[in-house]
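> In my numbering, the protein residues as written are 70 to 377. Following this message is one structure expressed as structure tokens.
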Ligand code: SF4
């Protein structure tokens, strides 16, 4: 039960409830591309993207199975992890013909310590054949599809060089919903250049009415050697202060239904590459202050819905 002391439905909580074991995601780079990088929609990728949003520590030169092995060893040592979710994280992980996707996913799916897959992708890159494949796999193990929406404002997604629309997102989500076993998690970035507080509330208000299972939220941050970094250095926009983001996050979490798993409230970045905001590097301190804020408000995830 959510309370001000236990204010939101964490990913860790969900995994413990579901698997009764310490489960961790192992990030993988299968070498896919993105349609806004390879020239299909655009070139250069999202203006904030560095190396395909690959997690810190992935070695793309290794095969998928080697990456999985290496990640499992690392997680066992660091967190005493017992089971794993193979997380296809870098780039667009449904952006290939379905037989190639099947071969790629299968290479890690059947490992006895892998309890499921999580596949990160764009809303405009999910074919019906791929959904059928994922639904088949979801009969055997847990399957999450992570859709990068970022914001409901199409004009901002265009400026970011993403080139997918909210209508495409809704259409894909409607198709995923028909595959009852696939779980869906939506990625949202808060504080994108040009986005207002009202926009961010609208994004969460829309998502809160949709049949989703999880959300990943994080504050917009600027990574060195990206196109966004140039604009940031030229003073064209700023990033959130920690207190502003924390307060906004509480406001938004209060509107999200309590059954939606909050997979992330802050993102990780390579300290040597992160330009701003630097406070995201101290994740533990941020999470602690977030808890204190909920205690001060005497609220929790879904509190605003309950009060209506
Ligand atoms: S779609 Fe994702 S991986 Fe591809 S360029 Fe954009 S942020 Fe990077």
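Ideal placement from N, C-alpha and C gives every residue a C-beta, glycine not left out. Owing to the predicted nature of the structure, the values given are computational and were not obtained by experimental measurement.
1) Would DSSP call residue 316 helix, strand or coil?
2) Do residue 109 and the ligand SF4 come close, with the Cβ less than 7 Å from some heavy atom?
3) With a 10 Å radius around its C-beta and 16 neighbouring C-beta atoms as the bar for buried, classify residue 274 as buried or exposed.
4) Would you say the beta carbon of residue 162 comes nearer than 7 Å to a heavy atom of the ligand SF4?
5) Is any heavy atom in the ligand SF4 found nearer than 7 Å to the beta carbon of residue 260?
6) How would you call residue 328, buried or exposed, if buried means at least 16 neighbouring beta carbons within 10 angstroms?
7) Along the chain, where does the beta strand (DSSP E) containing residue 285 start, and where does it finish?
8) For residue 219, is the classification buried or exposed, using 16 other Cβ atoms within 10 angstroms of its Cβ as the cut-off for buried?
9) Taking CB distances under 8 Å as the criterion, tell me whether residue 336 reaches chain B.
10) To which residues of the same chain is residue 93 closer than 7 Å at the C-beta, ignoring the five residues directly before and after it?
11) Along the chain, where does the alpha helix (DSSP H) that runs through residue 245 open and close?
12) Compare the beta carbon distance of residue 45 and residue 189 with 8 Å and say whether it is the shorter of the two.
13) Is it buried or exposed for residue 323, if we count other Cβ within 10 angstroms and need 16 for buried?
14) Start and end of the beta strand (DSSP E) containing residue 229?
15) Would you mind sorting residue 106 into buried or exposed? The rule is 16 or more other CB atoms within 10 Å of its CB.
16) What is the DSSP secondary structure of residue 298, counted as helix, strand or coil?
17) In the structure shown, what three-state DSSP assignment does residue 331 receive?
18) I need the boundaries of the alpha helix (DSSP H) containing residue 176, first residue and last residue.
19) Please determine whether the Cβ atom of residue 231 lies at a distance below 7 Å from any heavy atom of the ligand SF4.
20) Residue 198 and residue 167: beta carbons closer than 8 Å?
21) Mark residue 141 as exposed unless 16 or more other C-beta atoms lie within 10 angstroms of its C-beta, in which case mark it buried.
22) Measuring only from the beta carbon, is residue 105 closer than 7 Å to any heavy atom that is part of the ligand SF4?
23) With a cut-off of 8 Å on the beta carbons, I'd call residue 157 and residue 102 a contact; round off their distance for me.
24) Buried or exposed: which applies to residue 352, given that a residue is buried once 16 or more other Cβ atoms fall within 10 Å of its Cβ?
25) Is the segment 205-214 close to the segment 180-188, with three or more CB pairs under 8 Å?
26) For the ligand SF4, I want to know if residue 358 counts as a neighbour, meaning its beta carbon is within less than 7 Å of at least one of the ligand's heavy atoms.
27) So is residue 287 buried or exposed if we call it buried at 16+ other beta carbons inside 10 Å?
In short:
1) helix
2) At a cut-off of 7 Å, the beta-carbon of residue 109 does not count as near the ligand SF4: no heavy atom of the ligand is closer than that.
3) exposed
4) No, the Cβ of residue 162 stays beyond 7 Å of every heavy atom of the ligand SF4.
5) no
6) Exposed, by the Cβ-count rule.
7) 283-288
8) buried
9) Going by chain labels, chain B is absent from the structure shown, which holds only one protein chain.
10) 144, 148, 150 and 153
11) 235-247
12) Outside the shown range of the chain, which is 70 to 377, sits residue 45, and nothing can be said about it.
13) By the Cβ neighbour-count rule, residue 323 is buried, with 16 or more other Cβ atoms within 10 Å of its own.
14) No beta strand (DSSP E) holds residue 229; DSSP gives it neither H nor E.
15) buried
16) helix
17) strand
18) 167-178
19) yes
20) yes
21) buried
22) yes
23) Going by Cβ atoms, the distance from residue 157 to residue 102 rounds to 13 Å, so no, they are not a contact pair.
24) So residue 352 ends up on the exposed side.
25) Between the segment 205-214 and the segment 180-188 there are three or more inter-stretch CB-CB distances shorter than 8 Å, so the stretches are counted as touching.
26) no
27) buried
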